[in-house]
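Participant: Below: one structure in structure tokens.
Numbering (the working numbering), first residue to last: 5 to 258.
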């Protein structure tokens, strides 16, 4: 006698060894449905099939929620799996612990019935040194008196002089008559001389003029007649500062 089974959901005939209906995919396990019982030929001929309760079938929204939850779990596992596979680290509650020490048993790998085992050694916490009350020390550093030095800075301004003047030592001078800058800057005339037309000349007594080569009477000196270095021609004399012929004819040098 052949015993047939029927799907509690669609009524399709199934083999006794099948766990799911090949027509609708419903579970055929007795622990999930109380209606999964063998059908006799009389029940098959009469057309009566087991009643199926649809209250245990999950709704579409529930299936979508379950699928979304499964996807989230798979994403979390794919992200955390590489961290779990890092050699020498063990992930516990989201934190990485120190590498575990792996030791073989004392008798060798072949002496342990399981083949191998792992001993996890943890370091003992380092004892904290005995604390002593802290002493707060205040160091007083005496202030060094600050000495203020006044420095005078001389600012040199540009001097613009007239055409007949010369700028020397930030001052406009007349180089023709300045005894300290006679002819050019810082050219001082020696004692007994003075600056005359840019040259240091001798200081002469009254009635004499100072020339380069000495003091002379410009009214009568034929070499400096009327002015220094003005020599009268041969045969002429200097009279009143002019070169004139003598009253008595003078012999002409042969």
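Yeah, the Cβ is synthetic: ideal placement off N, Cα and C, and Gly gets one too.
Can you tell me the Cα-Cα spacing of residue 197 and residue 162, whole angstroms?
Facilitator: As a position in the chain shown, residue 197 is number 193, starting the count at 1. As a position in the chain shown, residue 162 is number 158, starting the count at 1. So the two alpha carbons sit approximately 32 Å from each other.
Participant: Among 32, 217, 170 and 84, which residue has its Cα nearest to the Cα of residue 23?
Facilitator: On the chain shown, position 19 is the one that residue 23 refers to. Of 32, 217, 170 and 84, the residue nearest in Cα terms is 32.
Participant: Using the rule of at least 16 other Cβ atoms within 10 Å of the residue's Cβ for burial, across every protein chain shown, is residue 86 buried or exposed?
Facilitator: Within the chain shown, residue 86 is the residue found at index 82, counting from 1. Exposed.
Participant: Just to confirm the assignment: which complete beta strand (DSSP E) runs, minimum length 3, are found wholly within the stretch 163–197?
Facilitator: Within the stretch 163–197, the complete beta strand (DSSP E) runs of at least 3 residues are 170–172 and 175–177.
Participant: For residue 245, which residues of its own chain have a beta-carbon under 7 Å away from its beta-carbon, when the five flanking residues on both sides are left out?
Facilitator: Position 241 of the chain shown holds residue 245. Same-chain partners within the cutoff: 222, 223, 229 and 230.
Participant: Taking the Cβ atom as the reference point for each residue, do residue 232 and residue 247 lie within a distance shorter than 7 Å?
Facilitator: By 1-based counting over the chain shown, the position of residue 232 is 228. By 1-based counting over the chain shown, the position of residue 247 is 243. Contact flag unset, no.
Participant: Sort out for me which residues DSSP pairs residue 203 with in a bridge.
Facilitator: The residue labelled residue 203 in the question sits at position 199 within the chain shown. Residue 203 pairs with 200.
Participant: Can you list, in chain order, the residues of its chain whose CB lies under 6 Å from that of residue 176, leaving out five sequence neighbours each side?
Facilitator: Along the chain shown, one-based indexing puts residue 176 at 172. Only 165 and 169 meet the Cβ criterion.
Participant: List the endpoints of the continuous beta strand (DSSP E) containing residue 218.
Facilitator: On the chain shown, position 214 is the one that residue 218 refers to. Start and end: 218–220.
Participant: With a threshold of 7 Å between beta carbons, is residue 190 in contact with chain C?
Facilitator: Of the protein chains in the structure, only one exists, and it is not chain C.
Participant: Which residue comes first and which comes last in the beta strand (DSSP E) that contains residue 214?
Facilitator: Sequence index remark: in the chain shown, residue 214 carries index 210 (1-based). Residues 213–215.
Participant: What distance in whole Å lies between the Cβ atoms of residue 208 and residue 219, which are believed to be in contact at a cut-off of 8 Å?
Facilitator: Mapped onto the chain shown, residue 219 falls at position 215. Mapped onto the chain shown, residue 208 falls at position 204. Their Cβ separation, rounded to whole angstroms, is 3 Å, which keeps residue 219 and residue 208 in contact under 8 Å.
Participant: Does residue 243 come out as helix, strand or coil in the three-state DSSP assignment?
Facilitator: Residue numbering aside, residue 243 sits at position 239 when the chain shown is read from its first letter. The answer is strand: DSSP assigns residue 243 an E or B state.
Participant: Thinking C-beta only, is residue 193 closer than 7 Å to residue 183?
Facilitator: Position 179 of the chain shown, counted from the start, is the residue given in the question as residue 183. Position 189 of the chain shown, counted from the start, is the residue given in the question as residue 193. In this structure, residue 193 lies closer than 7 Å to residue 183 by Cβ.
Participant: Starting from residue 31, follow its DSSP beta bridges and name the residues at the other end.
Facilitator: As a first step, residue 31 is located in the chain shown; it is residue number 27 there, counting from the start. Residue 31 pairs with 24.
Participant: For my contact list, residue 225 and residue 242 are in at a C-beta cut-off of 8 Å; report their separation, rounded to the angstrom.
Facilitator: By 1-based counting over the chain shown, the position of residue 225 is 221. By 1-based counting over the chain shown, the position of residue 242 is 238. The Cβ separation is near 6 Å, so the contact holds.
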